[in-house]
Amino acid sequence: MKRALHAIAFFLGGLLVTWSGLWIGSRIDYRLPISPPHLITSDCPEIDVCAQPWWVFVLLLLHFFGPSGAWSIAGWRKAGVLDRPVEYARLIAILSCTTFAYYVIGYLMPR
Numbered sequence: 003m004k005r006a007l008h009a010i011a012f013f014l015g016g017l018l019v020t021w022s023g024l025w026i027g028s029r030i031d032y033r034l035p036i037s038p039p040h041l042i043t044s045d046c047p048e049i050d051v052c053a054q055p056w057w058v059f060v061l062l063l064l065h066f067f068g069p070s071g072a073w074s075i076a077g078w079r080k081a082g083v084l085d086r087p088v089e090y091a092r093l094i095a096i097l098s099c100t101t102f103a104y105y106v107i108g109y110l111m112p113r
């Protein structure tokens, strides 16, 4: 039961950091001066307007919920170990920084 509560708490923490990364990233006005690879395979890049293949929706779900799933796994594994609060703080800081950077860097890429 302790592991499940840790996993749920870490999953919710991951969702919170995901939301904050997306929210802050959407307000950034600066773009990096590099060009990302062109990954759009159809003539219509809009998800809601055009029919997309099934794997696009799977990737979209993984994009939004994948980091929270990683948080949940980390919480599950951490619950079995008796650590000091400093270890928990270090784990949460590392997970927060990587998740936040993952989403903010996506907004810094040129369109």
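Residue numbers (the numbering used here): 3 to 113. Backbone N, C-alpha and C define an ideal beta-carbon position, used for all residues, glycine too.
- Distance from the Cα of leucine 97 is smallest, within the candidate group Leu62, Ala53, Gly68, for Gly68.
- Within the model, the alpha-carbon separation for methionine 111 versus alanine 103 is close to 12 Å.
- In this structure the stretch 7–24 lies against the stretch 58–76, because at least three pairs of beta carbons, one per stretch, are closer than 8 Å.
- Bounds of the alpha helix (DSSP H) holding proline 69 are 56–81.
- At a Cβ-Cβ threshold of 8 Å, glycine 15 and isoleucine 75 do not count as neighbours.
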